[in-house]
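Below is one structure, written out as structure tokens; comments come after it.
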Amino acid sequence: MVEPFKKLQGSIDLSEAARSIWGKTDRQTGEQWSPLYVHMHDAGFVADRLWYQWLPEHTKRTITRNFNNDYDLARKVVIFLAAVHDIGKATPIFQNRSIHISGDVDGVKSMAWKPEQAGLPFSPYLEGVEPYHTIAGELILERYLTDTYGFTQRGARSYASVVGGHHGRPAETGKLRDAYKRNAEMGSSDAYSLWQEVQRELIAFAIQISGLTDADMQRLRTLELGSHVALIITGMVIMADWIASNSDAGMFPLFPARASAEKSAPSEFRELRERGERGWSTAKLTPAWQASALEDLDNAQAVQHWFQQRFNMPQQAQMRPMQKKVVELCNAVEQPGIMIVEAPMGEGKTEAALMAAEILAAKTQAGGVCVALPTMATTDPMFTRVHSWLDALPSDTDKSVWLSHGKATRNREFRGLIAQSKSMASVYDETAPRKSNTMVADWLWGRKKGPLANFLICTVDHVLMGALQMKHVALRDLALANKIVVVDECHAYDRYMQQYLECVLTWLGGLQVPVVLLSATLPPALREAYLDAYMRGRKAEHAWEYQMNHAQLRTGSIRGRKKRQHPPESMGGSETEETDSRIAYPLISYTDGMHIHHAAVAPSGRSQTVRFNAMGDDIEELCALLQDKLREGGCAAVVCDTVGRAQKVYEALQDQYAADEVMLLHARFTDDDRRSKEEQLLHMLGNAATLENGKRPHCLIVVGTQVLEQSLDIDVDLMISDIAPVDLIMQRVGRMHRHERSQRPPRVAIPECYVRGVTSWQTPTFDNGVSHVYEKASLMEALTVLDITDEQACSEQLLPEDIAVVVREAYGADACERIPEQWHASYEKAVQVRDEHDESKQKRATDYCLKQLDTMLASKETLVDFFGRAGLLDRQGEERGMQAVRDAQESLEVMLLVQDEDGVLHVLDEDGGLGPVVPADTIPNSRIVDAMLGQMIRLPLSLTHPKNDGDCIEAIIEDLERTGGHYAMAWQESPMLEGVLPLILQPAGGLDMYEGIVLGERLQYGSETGLKHIRNPQS
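When you read off a place in the sequence shown, starting at 1, and then add 4, the result is the number in our numbering.
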């Protein structure tokens, strides 16, 4: 097969009018341009290179299935749509567009003189910029395909909608209808026939570039473009456009605008091809990762060796039964789909997921892996683990990696990798032999392009935003389509976030992307919802493929190509119950083609009986309990549902224990303080810390919030927890007696969890902070299944065996039957409130969620009107997108700085005292910038969203600008500090305590307690 661009020889056969249409200009001087035909060739060439060298085989097959598995036809269509994407610029309204030029007398110019000189007419009444060239281009291509090749309007629109969406937002019907009426702007009436000739000529040029033949076009006439494939191709077209629009030296430079088009731009295909090769080479995109096929996966010894090598495990480390089962199933599955792994905490689910990803990538030829986690705090440690795994992978090519969350550039390991990658690029010698590296590719830098790297480690928002009506969602979904997608702790999302996860699973199912979900345990209904969401997409895609095959068979367009002609129903879609998923645990649920399977897994062999005890909610009782249990030593965790409750407990314990025996951890510390505390915790309570080696303390009480239940590998002897939904209680208990230890203090030798947060057991009622965080009905269900329904109650659970049992009972349809009779009235009311909240969340999520893929394919919808609300999040940034998929109240992050008595600004040092000086009138050096960024902290919601007082964020920003804005102005030239607002505090008299006033409310910070909102009694 000869590549299309090598077939193109000789002179470019375009009229003077077609050559005169401008596509790109230099806005700095107005003296440089690129003709549209050159940009068309550039974009088409880049799309060709993306197909051959960057796009994984798995994604190519996804696209190719839409074209009866005709690989060559699929590739030509991608090149054609990339080449033709800017055809809307060949219109009077665009060519007459005003260009603002810096340094010009009036600051405004137009390039319309070029097409005017070539004889193209303009109306003297042209105004504005609409229709935009994306809308115009979609309409022009749609007309061309219907008029020239007899496409149906829907068929033509399925392809043309890619052109309409290449700036990130698909077209709307109303915009297309309006453009249809704009003859003077579009050049679409008889008076503008020369414009129509140029448009047809340039589209024919795009067809020539792509290598499409008349026979190909006739075949495409009967092959509509499925919305899932159209979205992926749109992502590729956006990539090709962005790369081809880079006019830097060595990429795709502009030409002198004053010379004639013939003299200033290439006239030979050879020149265009050399230009494309040079630009592509300079972009230096890392190719798709190709996982090596693993041999002897049926050999237990070989698998054990692979496990030890990939994760740098000691010789004596043995795989857990769950890990072995994951490898066995991934090796056996013929048509990988979704896999859900439910296993206890500490069983090595992360390693199992990465092993699964490697096997599935080799089997499906996916080009990378995405690992998504609930929070930034869990994502940073995962980046380290995945980075280590990547370095252990065999590969002949570089592997690009990207860390994606709100503070990724502050991750020292990621920044070090960026610096190392830049150093490698500066000394690159393509002739020198070298080993592959894990790197950050230069072109992939940025929040929109970064996820296109081979390997993505991110907060789960970045997966959920694949289902969000947000500009450039096509790029995000292209990034996911190329990978094996792993989502950790998939139980940790509320009904709102579940809507997005289910929607994105349907799209991933339609794209046949292998997905691995991890959880300690899932409610059965949620597990079934995730499986069903994925399978809806998978079945819809299969039905679509059948329709396209059948359409070509009817028209006789397929010649000599053997095709499956069975209807989709013949593929089944059954659920095979070789394992009872209601009682099995650990459990692996997975799909193979259209079939769902459940596999029970043998437990790892380590079980323990945990005693659950009810207790009162007053702090005096808590302190007395700890005094009793820890009088012979031991390490305890007190997990609170709110920061305020945690701070109150910590302050009470400070009076009774030495400073090094009590520690507080929550989300309201500065980044540096929180990181330091987490590292300290892992050092003292991690697997390697023992009493014998002196790392594990004789006595320690860790008071914290939900951060203690999220992936921190710590081991305590005693747990005291606020009441929470039962699956979260189990997550917390997973931090107790987590590691094998030869000896624990006698009074905490048996694992016990005390449950507090209940202020009255009669109804029951809960502390206001607790019930504000969790639904009352879920808390009552947790108490019931744990069998602690009065203040003196205690029960025992065998863990991990009983984890699944209690979770499934709590979330089962018959949960109400277990509720104590005296609670029924209160419980029924609480369930009604929860249902109303869930319904509200579901509705709010639907407002911004993408359309369901199965619905779109069944009704043969195109990408037109793809954003039901026209992409309301377009201009509000990625942070707003992350808030949208989390249903989060808008919060405000500030930089905490301290002003001493002389008016000098400081960051805090690691001990909570005054650290390095921050310059107030100049840009800080890089060392100080790093220290300043470590002082970022989010203001409490009690300040930003006070009860019954709406949103105070704008008022807070104004107040912060008044008190510290003049400092921030001096730092704006630093890219890392741009837009950051300082919160200026002063020493408060106490040891390492600082205070400030915001909107009349007092804020207090100490490195031991974190940020406190000292409420004004009158507020």
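Each residue gets a CB set at the ideal place from its N, CA and C atoms; glycine is no exception.
Span of the alpha helix (DSSP H), counted from its first residue to its last, around residue i
i, result
"Ile247", "Ser231 to Ala248"
"Pro39", "Where Pro39 is concerned, there is no enclosing alpha helix (DSSP H), although the beta strand (DSSP E) it sits in stretches over Gln36 to Pro39."
"Leu686", "Asp675 to Leu689"
Chain-order list of residues whose beta-carbon lies under 7 Å from that of residue i (same chain, five-residue window excluded)
i, result
"Ile807", "Pro348, Ala524, Thr525, Tyr589 and Met734"
"His43", "Gly27, Lys28, Asp90 and Ala248"
"Ser15", "Ser271 and Glu272"
"Ala693", "His687, Lys699 and Arg700"
"Trp58", "Leu289, Pro291 and Ala292"
"Glu625", "Met619"
Own chain residues within Cβ distance below 6 Å of residue i, not counting five before or after
i, result
"Glu897", "Met940 and Arg942"
"Phe98", "His137"
"Ser1023", "Confidence at Ser1023 is low in this model, with a pLDDT of 48, below 50, so the placement of that residue should be treated as unreliable; the coordinate-derived value is given next. None."
"Met255", "Gly283 and Thr286"
"Leu276", "His45 and Pro270"
"Tyr153", "Met221 and Arg225"
Classification of residue i by the beta-carbon crowding that lies within 10 angstroms, buried from 16 upward
i, result
"Lys681", "buried"
"Val921", "exposed"
"Trp117", "exposed"
"Ala21", "buried"
"Glu713", "buried"
"Gln203", "buried"
"Tyr129", "exposed"
"Asp818", "exposed"
"Thr646", "buried"
"Glu962", "exposed"
"Leu995", "exposed"
"Ile587", "exposed"
Check whether residue i and residue j have beta carbons under 8 Å apart
i, j, result
"Glu665", "Leu704", "yes"
"Leu289", "Tyr163", "no"
"Cys374", "Leu460", "yes"
"His670", "Gly1014", "yes"
"Leu521", "Tyr534", "yes"
"Ala924", "Leu909", "yes"
"Phe1027", "Gly280", "The requested residue 1027 is not part of the displayed model; the chain covers only 5 to 1023."
"Ala94", "Leu18", "no"
"Asp621", "Gly761", "yes"
"Val82", "Ala51", "yes"
"Ile236", "Tyr538", "no"
"Arg499", "Gln846", "yes"
"Val720", "Arg751", "no"
"Tyr1009", "Leu989", "yes"
"Asn486", "Pro60", "yes"
"Arg736", "Val643", "yes"
"Ala457", "Ser399", "no"
"Gly123", "Leu198", "yes"
"Leu358", "Trp393", "yes"
"Glu134", "Leu180", "no"
Limits of the unbroken beta strand (DSSP E) element including residue i
i, result
"Asn617", "Gln612 to Ala618"
"Ser799", "Cys798 to Leu803"
"Asp659", "Careful: Asp659 lies outside any beta strand (DSSP E) and carries neither H nor E."
"Met667", "Val666 to Leu669"
"Cys627", "Note, Cys627: premise wrong, no beta strand (DSSP E); alpha helix (DSSP H) at Ile623 to Lys633."
"Met3", "For residue 3 there is no data in the structure shown, the boundaries of the chain being 5 and 1023."
"Phe459", "Phe459 to Thr463"
Residues of its chain near residue i, where Cβ-Cβ distance is below 8 Å and the 5 sequence neighbours each way are ignored
i, result
"Ser430", "Unreliable placement is indicated for Ser430, whose pLDDT of 41 sits below 50; the coordinate value is still reported in the next sentence. Here the set comprises nothing."
"Leu472", "Tyr504, Tyr852, Cys853, Leu854, Leu877, Gly885, Ala888 and Val889"
Meets three-Cβ-pair contact criterion under 8 Å: the region 381 to 390 and the region 407 to 417: Touching, per the Cβ criterion.
Inter-stretch contact at 8 Å, needing at least 3 Cβ pairs: the region 446 to 459 / the region 820 to 833: Touching, no.
Contact between the region 213 to 228 and the region 835 to 847 (3+ Cβ pairs under 8 Å): No: fewer than three Cβ pairs fall under 8 Å.
The region 763 to 773 contacting the region 305 to 325, beta-carbon criterion three pairs below 8 Å: By the Cβ rule, the region 763 to 773 does not count as touching the region 305 to 325, because fewer than three pairs are nearer than 8 Å.
Contact the region 223 to 236 vs the region 198 to 214: 3+ CB pairs below 8 Å: Segment contact: the region 223 to 236 against the region 198 to 214, fewer than three CB-CB distances shorter than 8 Å; contact not assigned.
Cβ contact check for the region 169 to 176 and the region 472 to 483: 3 or more pairs under 8 Å: Contact between the region 169 to 176 and the region 472 to 483 is present, because at least three Cβ pairs lie under 8 Å.
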